[in-house]
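Trainee: One structure coming up, written as structure tokens, with questions to follow.
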Amino acid sequence: MSSMKLYQLLPFRFLRLNDDKYLVVNEVGEHLFLTGEQFSDLTSYGLSPTSETFLDLKAKHFLTDTELAPVIEMLAVKYRTKKAFLYNFTSLHMVVPTLRCNSNCIYCQVSKKDLMAVGFDMDKPTARRTVAEVVKHFETVPLGN
Amino acid sequence: MDTFFRRLDDNTIAVEVAENLYNKEAIQAASHRFKDRCHIHLKRQSETVVAVLFSAKSGTSDLEALAQEFCTELLDQQVRMNVEKACGNMRDLIVKQAFAPVDDIGAEIRL
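Residue numbers (my numbering), protein chains in the order written: chain V, -1 to 143; chain X, 506 to 616.
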């Protein structure tokens, strides 16, 4: 950290809502609304460490005046918690037993075939294994996840 | 009072931007935000100055107001870049530490 700066900015994104209102957000889902002056002070390192704005921004991890490594560790934990859903297997299963269809739905994700077409049905062993896999998933993942 | 733009003709005004104050990426990003409201053209004025030309589309009411808004947007874009630069690789490190933690995260910080 430069000796001229009283604090270090932490990664954030912002949006100017109007001439005097900024929304700042960060990777762990925290947000604050700042006036234009507060925002300018933040980004030009002009905030007083005793000001309420500084303390709010520090509490929500938009800046820090302490050692960086522990702050990054903590943000990483929050980030991991926020993205924990990535560890879960999908909770939506779509099974397409056949491509033959008499409808023409615009949202359909498959390339439909004629009703009389041959070779576009899932065979029985594959269908049985598919159902078994879906059931196995719901036995291991609690409802609601 | 100094003006921040030059009127080239009835339909076009130019804002001159000093590249020692604003990055090329910030100028482009700010310009992009106005593409649906007027025609935008970037033109090198000199080694250090880029001219951003605003031409009215049908329905564009006030080019000067747009140019003024552009200057504010340009400043925002530059501040975005400054914040990213000031944070070095911290954004990447937070994600890395979340999913593939390293023993000494401090040694990986690059500001």
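Where a beta carbon is used, it is the ideal one built from N, C-alpha and C, also for glycine.
Express the C-alpha separation of ILE610/X and LEU55/V in angstroms, rounding to a whole number.
Mentor: In a straight line, the C-alpha of LEU55/V is about 23 Å away from that of ILE610/X.
Trainee: Within the continuous beta strand (DSSP E) that includes HIS544/X, where are the two ends?
Mentor: Run containing HIS544/X: 543 to 549, per the beta strand (DSSP E) assignment.
Trainee: Using a cut-off of 7 Å between C-beta atoms, extract the partners of PHE575/X located in chain V.
Mentor: Residues of chain V passing the Cβ test: none, with the nearest at roughly 13 Å.
Trainee: Less than 9 Å separating the beta-carbons of GLN32/V and LEU40/V?
Mentor: This sequence places Leu at residue 32/V; Gln is not what is there. In contact: LEU32/V and LEU40/V (Cβ atoms closer than 9 Å).
Trainee: Where does MET506/X sit, in a helix, a strand or coil, going by DSSP?
Mentor: Below a pLDDT of 50, predicted positions are generally treated as unreliable, and MET506/X, at 42, falls in that range; the measurement from the model is reported next regardless. Note: MET506/X maps to coil in three-state DSSP.
Trainee: Could you check the C-alpha separation between VAL555/X and ARG14/V for me, to the nearest Å?
Mentor: Each residue's alpha carbon lies about 25 Å from the other.
Trainee: Measuring alpha carbon to alpha carbon, tell me which residue in LEU84/V, THR124/V, VAL132/V and ARG98/V is nearest VAL116/V.
Mentor: The residue with the shortest Cα to Cα distance from VAL116/V is ARG98/V.
Trainee: ARG549/X to ALA561/X, Cα distance in whole Å?
Mentor: Each residue's alpha carbon lies about 20 Å from the other.
Trainee: Which residues, taken in chain order from the stretch 80 to 93 of chain V, show a beta carbon closer than 8 Å to some beta carbon of chain X?
Mentor: So the list reads LYS81, given in the order they occur along the chain.
Trainee: Which same chain residues, not among the five before or five after LEU547/X, have their C-beta less than 8 Å away from its C-beta?
Mentor: ILE532, GLN533, SER536, VAL555, ALA556, VAL557 and LEU558.
Trainee: Would PHE510/X pass as a contact of GLU521/X if the rule is Cβ separation under 9 Å?
Mentor: Yes, Cβ-Cβ distance for PHE510/X and GLU521/X is below 9 Å.
Trainee: Of all the CB atoms in chain X, is at least one closer than 9 Å to the CB of GLU216/V?
Mentor: Absent from the model: residue 216/V. The displayed extent of chain V is -1 to 143, so no value can be given.
Trainee: Should VAL600/X and TYR85/V be called a contact, given that it needs their Cβ atoms to be closer than 9 Å?
Mentor: No. Outside cutoff.
Trainee: If I follow the unbroken alpha helix (DSSP H) through ASN587/X, where does it start and stop?
Mentor: From DSSP, the alpha helix (DSSP H) with ASN587/X extends over 568 to 591.
Trainee: Could you give the C-beta distance for MET595/X and ILE70/V, rounded to a whole number, given that I count them as a contact under 8 Å?
Mentor: That pair is a contact at about 6 Å.
Trainee: To the nearest angstrom, report how far apart ILE614/X and PRO606/X are at their CA atoms.
Mentor: Taking the straight line joining both Cα atoms gives about 14 Å.
Trainee: Three Cβ pairs or more, each shorter than 8 Å: is that satisfied between the stretch 102 to 121 of chain V and the stretch 59 to 74 of chain V?
Mentor: In short, these stretches do not touch, since the Cβ pair count stays below three.
Trainee: Classify ILE518/X as helix, strand or coil using the three-state DSSP reduction.
Mentor: In this structure, ILE518/X counts as strand in the three-state DSSP scheme.
Trainee: Kindly list, in the order they appear in chain V, the residues whose Cβ is closer than 8 Å to that of ASN587/X.
Mentor: Within 8 Å Cβ-Cβ: THR41.
Trainee: Who are the neighbours of ALA74/V on chain X, taking C-beta pairs under 9 Å?
Mentor: Going along chain X in sequence order, the residues near ALA74/V (Cβ under 9 Å) are LEU598, ILE599, VAL600, LYS601, GLN602, ALA603, PHE604, PRO606 and ILE610.
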